Each structure stands twice: as C-alpha cells, then as structure tokens.
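So for the sequence shown, our numbering puts the first residue at 938; every next one is plus one.
Cβ coordinates follow ideal geometry from the N, Cα and C atoms, glycine included.
A quick note: this is a predicted structure, and the numbers were derived from the prediction, not measured.
Take a look at the structure set out below.
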Amino acid sequence: MTIHSRSLPSVIRSASIEPAVALSAEGAALIDRIYEAAAVPELWREVLIELARFAGAPQAVMIVSTGTHFRDFVTSSPEFDALVIDHFERFPDNVRTGRLLELRHPGFLNDLDVVTEEEIATLPLYQDFLIPQGYGAGTATAVLVPSGDSVIVHCERARAEGDFDPQTLAALNGLRPHLARAALLSARLEMERVATTTRTLEALGLPAAVLGQGGRVIGANPSLVAMMPHTLSDQPSRLAVVDPAADRLLREAVARSDQSGAMPVRSIPIAAIGERPPVILHLVPIRGAAHDVFASARFVLIATPVVAQEVPSADVVQGLFDLTPAEARLAALIAAGDAPVPAAAKLGITPNTARSVLKRIFQKTGVSRQAELVGLLAGRGVRE
C-alpha cells in the first residue's frame, strides 16, 4: 500500500504532553510481555490485546512498513485483521499514517495532531469507513529500525469517545522506549537468522541468498556473490537473472507467491553462458511464525551449477525442473538424442501429444529449442 501525504496541521497538540509517568504494575507487566514477543513472535497479538486495554481502546495494530509500503501487520483480534486489510485496500491515500511518518515525533500522537477537525468531518476515510464501524479516534507512534523499515504501533477506539487524554498518552510514552527496543531486537534477530542461513549453505558448498518481498536481496553468501554480474544482478528492487528467459521465470515465481501466499519450491534453469555451465536456481519459500511481522525473509534462493555429465535419468530431470513424470520421461529421451517422433513411439504416445508435452517442457525450463534442452540437461553450452 502506498501512502501519500498531505499538508500537515499547523499545531501538534500532543507534542506538549507531560513526560512519561511512572508505570503502574499493569504497565510493568506489559513491558515484560513486549520483550517476550520480541523473541517469540506468536505473542505479539496477546501484547496488542493488553496494550489496547492499557490505552482504553478496544483494538490495536502493529504495522511494519518499508518506506511508504506496508509490508506486514498484526492486530489484537481476527476481526480487526479484516478491517485493517479492508482499510489498506480502500484507502491507499492514508493521510493519517503518511503524516505520522513525516512528523517523526518521538511519542504517541492523536488524530488531531495529524488531521484537522474539518478533515475528520469530510474525509471518506472517517465518514464512510472508520466512524460507521465504531472507530475513528486513534493514537499512534512510529519507530525507525536500522533496516530502513518503520514500525507503527496504533490503538483505535470510537470517534465519539474523542482523542486520548494527556495522561493516557504519557503512560503510552512510558512504554514507547520498550516497544522501540523490542522492534530493534526483533529486527536484529531476523538479520542474524538471515546470516546463519547463508553461512550454513556456504559451508555446504551451495551459493545462496535470502530474498525479501518482491525478490529483494537481504543477504547472500560469497559463492552467490561470485555469480554477479555475469549470471545474476543485484538490482535495488530485486535479484535479477542476466538471462532474460530465466529472469522472467524468477519474476513470475516471486509474483505468484506474493499473490497467493502459498508456493511450492520452484526450480529455474539458466542456460550455459560461454564456458560457464548451466545453473539451476531453486526458490524455496520461507514460512515464518504466526504474527512475525519483523520476518522480512520470504525466500531462500539456492544455485546449483549443472556440470557436464551423462544425460540424467527421468527421476533426476523431474526433480531438477519441477516436471510431471510424463514430461520428465520425454525430456530425458530428448536429451539422450531422440527426436519427438521416435521418443513418442518409445513412450506409447502420439507425435502430437509429444509435441504438446515438449512445449510445456520448454516453458518450464525456459528454453525454446531441442538443442538448448539437450545442452541444459547435459550441462553443456549450445553452439549457435
């Protein structure tokens, strides 16, 4: 979701709030829970339930945004999950959040610190969405973490209850340093997990990278870095493959995962380039813990060079390229030197069926000619 900001109100009413007050026993217990959630992400929903209660609000949400794009979130209830998703989809021009991020205020702010009374009375966000559903009065703070992400913590209640009073904001500000440290700790733990993953695969002799949303490189081991720039390219927005056909398959695999949220391991072949052998990229989705909004890693990408060898068996071909058994058997015969018609006869299928299956094999392996398929499977380049 993209956030577009507008002109800011001339006065920040909550900026002159009293210093953070001594925390109650409830607040002290909540701090303990905040640090527990930093290490055990499944606890964030429970923390937000307690935070909402602490603030005198029915709901709370924690959002992680990369720049102005919301990356992930967790709320205090499944019901509020649905409202937050609907909010993201219906109101991409999020005036509340955009102004909150611009202000960079080191404390919790009310709605009237970022919007005017007139805007509340006229904006569809309030009049058509938040207020009719029993909300419209929020208090929020934003914390910037070293990865460049912003962590937003937000409590929400009915507009009829008005803005949160200075005492409540002061109490929330007493929690803010702990929320900030927990966010930093979670982000640091995520970075350590990424580094451990790439180091482990390096020790196994496997070039590998950890990719985030959209295919952006979060971490890569030296073996994979050595494949740049002749085979792979670390672009600002994503990891790209120099070979256009393979790059298209990689883009499609990443996009499909972002849309559906469920994807099996994908294998993407890269044709031989000069003396360099073909490479198979294995894109493995990462399934994080529930409510782990700090888990930026979405995939592990492992590169497997295909060394010159005898033609692999159908079972090996199937595993390398995510082919069906029928596709793998035909591919193995083609790689062994059979033309489609003789291969069809050996498999007991018609030549037309063989040609249709061969087209699917080309699509999955990213090649367009039989010679390229043979070179890919045997680990040899293709002479032009």
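Separation of residue j from residue i, as counted between CA atoms
i: His1091; j: Ser1174; result: 29 Å
i: Ala1097; j: Pro1069; result: 11 Å
i: Ala1074; j: Ala976; result: 31 Å
i: Lys1301; j: Thr1059; result: 52 Å
i: Ile1155; j: Ala1120; result: 18 Å
i: Leu920; j: Leu1161; result: Because the chain spans 938 through 1321 in this model, residue 920 falls outside it and cannot be assessed.
i: Ala1095; j: Arg1153; result: 39 Å
i: Met999; j: Ala1140; result: 37 Å
i: Glu1127; j: Leu1270; result: 45 Å
i: Asp1023; j: Thr1261; result: 39 Å
i: Glu1129; j: Gly1085; result: 16 Å
i: Met1165; j: Ser961; result: 55 Å
i: Ile1205; j: Pro978; result: 32 Å
i: Asp1275; j: Pro1242; result: 25 Å
i: Phe989; j: Pro1043; result: According to the sequence as given, residue 989 is Ala; it is not Phe. Approximately 20 Å, taken between the alpha carbons.
i: Arg1213; j: Asn1289; result: 35 Å
Contact under 9 Å by Cβ, residue i with residue j
i: Tyr1063; j: Leu1020; result: no
i: Leu1295; j: Pro1279; result: no
i: Arg1115; j: Tyr972; result: The question names Arg, but residue 1115 is His in the sequence shown. Yes.
i: Val984; j: Ala994; result: no
i: Ser1087; j: Ala1079; result: yes
i: Phe991; j: Phe1028; result: no
i: Ala1124; j: Thr1134; result: no
i: Leu1187; j: Ala1177; result: yes
i: Ile1239; j: Leu1143; result: yes
i: Ser1002; j: Ile1057; result: no
i: Val1304; j: Ala1272; result: no
i: Phe1025; j: Phe1007; result: yes
i: Leu1040; j: Val1032; result: no
i: Ala1183; j: Ala1208; result: yes
i: Gln996; j: Glu1055; result: no
i: Ala1192; j: Asp1171; result: no
Anticipated Cβ contact below 8 Å, residue i with residue j, distance rounded
i: Pro1222; j: Phe1236; result: 6 Å
i: Asp1102; j: Asp1048; result: Asp1102 to Asp1048, Cβ: 13 Å. No contact.
i: Ala1234; j: Val1131; result: 6 Å
As assigned by DSSP and simplified to three states, the class of residue i
i: Met999; result: strand
i: Asp991; result: In the sequence as presented, Asp is not what sits at residue 991; that position holds Phe. Of the three classes helix, strand and coil, the one that applies to Phe991 here is helix, per DSSP.
i: Arg1041; result: coil
i: Gly1152; result: helix
i: Phe1017; result: helix
i: Thr1330; result: Shown here, the chain extends from 938 to 1321; a query on residue 1330 therefore has no answer.
i: Leu1112; result: helix
i: Leu1122; result: helix
i: Ser1293; result: helix
i: Thr1168; result: coil
i: Pro1214; result: coil
i: Asp1086; result: strand
i: Ala1234; result: coil
i: Arg1008; result: strand
i: Pro1222; result: strand
i: Ser1204; result: strand
i: Ile1239; result: strand
i: Thr1076; result: strand
i: Ala1177; result: strand
i: Leu1081; result: strand
i: Ala1157; result: strand
i: Leu1143; result: coil
i: Ala1276; result: coil
i: Arg1130; result: helix
i: Ser1197; result: At Ser1197, the pLDDT of 49 sits below 50, so the modelled position is not reliable and the matter cannot be decided from this model.
i: Pro1209; result: Going by the sequence as given, residue 1209 is Ala instead of Pro. Coil, per DSSP.
i: Leu1046; result: strand
Close beta carbons around residue i, own chain, < 7 Å, minus the five adjacent residues each side
i: Arg1297; result: Glu1264
i: Thr1287; result: Ala1281
i: Thr1137; result: none
i: Gly964; result: Phe991, Ala1108, Gly1111 and Leu1112
i: Glu987; result: Leu967 and Arg970
i: Val1082; result: Val1088, Ala1120, Leu1121 and Ala1124
Close-in-space but distant-in-sequence residues of the same chain around residue i (CB under 8 Å, 5 per side omitted)
i: Ile1210; result: His1167, Thr1168, Val1179, Asp1180 and Gly1318
i: Arg1292; result: Pro1277
i: Pro1159; result: Glu1139
Contacting residues, own chain, Cβ-Cβ under 6 Å from residue i (five flanking each side not counted)
i: Ala1190; result: Arg1203 and Leu1220
i: Asp1018; result: Thr1012
i: Ala1355; result: Missing from the structure shown is residue 1355; the chain here goes from 938 to 1321 and no further.
i: Gly1198; result: Model confidence at Gly1198 stands at a pLDDT of 48, short of 50, so the residue's coordinates are unreliable and nothing is read from them.
is_contact[residue i, chain C] using C-beta, thresh 9 Å
i: Val977; result: Note that chain C does not occur in the displayed structure, where there is just one protein chain.
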